[in-house]
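**Student:** I am attaching a structure below and will ask some questions about it afterwards.
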Amino acid sequence: MRLEDTFLADTFWKRPVTLVRGEGAKVWDSEGKEYIDCSCGYGVALLGHCHPKVVEAIRRQAARLITCHGSFYSEAREECLERLHRIKPEGTDRVFLSSTGAEAVETAIKLARKFTGKKGFVAAVNGYHGKTMGALSLTWASKYREPFMPLLEGVKFAPYGKADRAREAIDGNTAAVFVEPVQGEGGINLPPRDYLRELREVCDEKGVLLVLDEVQSGFGRTGKIWAHQHFGVKPDILCSSKALGGGLPIAATFAREDIMGALKRGEHSNTFGGNPLACAACAAAVDALLEDGLVENARIIGDRLKKGLSNMDSKIVREVRGLGLMIGVDMKFEVMDVILRSLKNGVIALEAGKTVLRLLPPLVLNSAEADIVVQTITGAIREEERKRIGAGA
Ligand SMILES: Cc1ncc(COP(=O)(O)O)c(C=O)c1O
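Each step along the sequence shown adds one to the number in our numbering, with nothing skipped, and position 348 is 523.
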């Protein structure tokens, strides 16, 4: 802790805990205390911590070949591509590999500009796409954007869930509309049922691309491999990362053949994209997801959590909402005290904005663990309620 506090750049808000080990839905700290992890590294450990198939694949690949640049062919990359081809979003034909969510978004930004020859973008109010300069330009929260102006020119924001407002924002300079099928950082916001379909129609009518950012919602989290499958649309480009590598950094930007074809050799590349270690982990992660039948768990356990949390009927909870294992408890007050109290009582939860408690548990969370999560969070909220109402709030 001392070195992290004195030497590491001070850019993360820290919880006072050092995590040392993880297995399934649980992690342990340096004092041996056990937690149920509903943060999963902000959505990364979706298969649970140290999934045996992923661990074995990393071990095997690490002993064989760790690095192989994209300018050489690689067995591990072939294996990974074969798996990604199985789960690729309908309507997409090719994939670009990188390492982080923001990098997947940067790739989509460059693709959209190169393919359309246009420069502008429409993104959503409360949307989040990462913090590199391009991705940041599409991220809504001004506290993230303002200190780094000027960002990309020609970015407009339209209210999430309102396709007609996106239509109004599109102009002759718009290359693409970027949107999350379910907003994560922005507060676990689900769009109206027809929103994505209408947005697809608007994009087709205006001749702009529809880019779906499934960095957080993808890979089975919502009860389907891709969240947009709940809404019956096809993307032109889709960004994926976080859980895709079973814990290792890997990102994939999927696109239609003609769109991906717009990028010529050398126009976009990286050092680590498609490296054998991340690729081996990703191939094993896809196997684990499909062979262990985990996707269905998102719906079953997600419903159990949502129902349990909704039963709380608390005066300081506005709404419990979500899709699959992407769940938000929207509170009337800032949520950080509830998160810290839950942590103290053995459940790791996240925030999404100031007032939403966010749960991104793993697909391997079982019913008994889900019930403990409900009890612990309900207890933490009840205590907050007593504090607030006792204080005359
Ligand atoms: C929807 C979405 N897009 C992009 C990103 C950025 O990913 P990364 O932090 O890996 O750059 C995130 C991260 O939370 C995200 O939730």
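Backbone N, C-alpha and C define an ideal beta-carbon position, used for all residues, glycine too.
Three Cβ pairs or more, each shorter than 8 Å: is that satisfied between the stretch 398 to 410 and the stretch 232 to 251?
**Tutor:** Output reads no: the stretch 232 to 251 does not touch the stretch 398 to 410.
**Student:** I'd like to confirm something about H403: is its beta-carbon nearer than 7 Å to some heavy atom of ligand 1, or not?
**Tutor:** no
**Student:** Look at the Cβ atom of A287, then the Cβ atom of L384, and state whether they are nearer than 8 Å.
**Tutor:** yes
**Student:** When the Cβ atoms of the stretch 486 to 504 are set against those of the stretch 392 to 405, are three or more pairs found closer than 8 Å?
**Tutor:** yes
**Student:** Give me every residue whose Cβ sits closer than 6 Å to any heavy atom of ligand 1, in chain order.
**Tutor:** Y217, T275, G276, A277, V280, Y303, H304, G305, E355, G359, E360, D388, V390, Q391, S416
**Student:** According to DSSP, I262 sits in a beta bridge with which residue or residues?
**Tutor:** Looking at the DSSP assignment, I262 forms no beta bridge with any residue, so it has no partner.
**Student:** With respect to the alpha helix (DSSP H) encompassing K289, which residues constitute its N-terminal and C-terminal limits?
**Tutor:** From DSSP, the alpha helix (DSSP H) with K289 extends over 276 to 291.
**Student:** Give the list of continuous beta strand (DSSP E) stretches no shorter than 3 residues that lie fully inside the stretch 337 to 410.
**Tutor:** 349 to 354, 384 to 388
**Student:** Could you give the first and the last residue of the continuous beta strand (DSSP E) run that contains D570?
**Tutor:** No answer is possible for residue 570: it lies beyond the span of the chain, which begins at 176 and ends at 568.
**Student:** From V513 to A350, what distance separates their C-alpha atoms?
**Tutor:** 42 Å
**Student:** Using a Cβ-Cβ cut-off of 7 Å (strictly less than) and excluding sequence neighbours within five positions of K519, which residues of its own chain qualify?
**Tutor:** none
**Student:** Do three or more CB pairs link the stretch 187 to 205 to the stretch 215 to 228 at distances below 8 Å?
**Tutor:** yes
**Student:** Could you check whether V377 and A341 sit closer than 8 Å to each other, using their CB atoms as the reference points?
**Tutor:** yes
**Student:** Under the rule that 16 or more other beta-carbon atoms within 10 Å means buried, what is E355, buried or exposed?
**Tutor:** buried
**Student:** So is K318 buried or exposed if we call it buried at 16+ other beta carbons inside 10 Å?
**Tutor:** exposed
**Student:** Quick check: is any heavy atom of ligand 2 less than 7 Å from the C-beta of S517?
**Tutor:** Absence of ligand 2 from the depicted structure is noted, with ligand 1 being the only ligands included.
**Student:** So what does A527 bridge to, in DSSP terms?
**Tutor:** V531
**Student:** Starting from L538, follow the alpha helix (DSSP H) in both directions and report where the run begins and ends.
**Tutor:** The continuous stretches of alpha helix (DSSP H) do not include L538, and DSSP gives it neither H nor E.
**Student:** Which residues share a DSSP beta bridge with A333?
**Tutor:** A299
**Student:** Does the structure place the stretch 242 to 260 close enough to the stretch 480 to 487 that three or more beta carbon pairs sit under 8 Å?
**Tutor:** no
**Student:** Quick check on H403: buried or exposed, where buried means 16 or more other Cβ atoms within 10 Å of its Cβ?
**Tutor:** buried
**Student:** With a cut-off of 8 Å, do at least 3 Cβ pairs link the stretch 444 to 453 to the stretch 268 to 282?
**Tutor:** yes
**Student:** If you check the beta carbons only, do D462 and R258 fall under 8 Å apart?
**Tutor:** Contact check for D462 against R258 passes: the beta carbons are separated by less than 8 Å.
**Student:** Taking the continuous beta strand (DSSP E) assigned at L498, which residues delimit it?
**Tutor:** Counting along the chain, the beta strand (DSSP E) containing L498 begins and ends at 492 to 498.
**Student:** Does A184 come out as helix, strand or coil in the three-state DSSP assignment?
**Tutor:** coil
**Student:** Could you give the distance in angstroms between the alpha-carbon of M324 and the alpha-carbon of L311?
**Tutor:** 10 Å
**Student:** How big is the Cα-Cα spacing for Q550 and E509?
**Tutor:** Distance between the alpha carbons of Q550 and E509: 20 Å.
**Student:** Are the CB atoms of L532 and E526 within a distance shorter than 8 Å?
**Tutor:** yes
**Student:** Sort I547, E494, S489, D505 by Cα distance to R557 and report the nearest one.
**Tutor:** S489
**Student:** Please report the distance separating the alpha-carbon of V280 from that of V390.
**Tutor:** 9 Å
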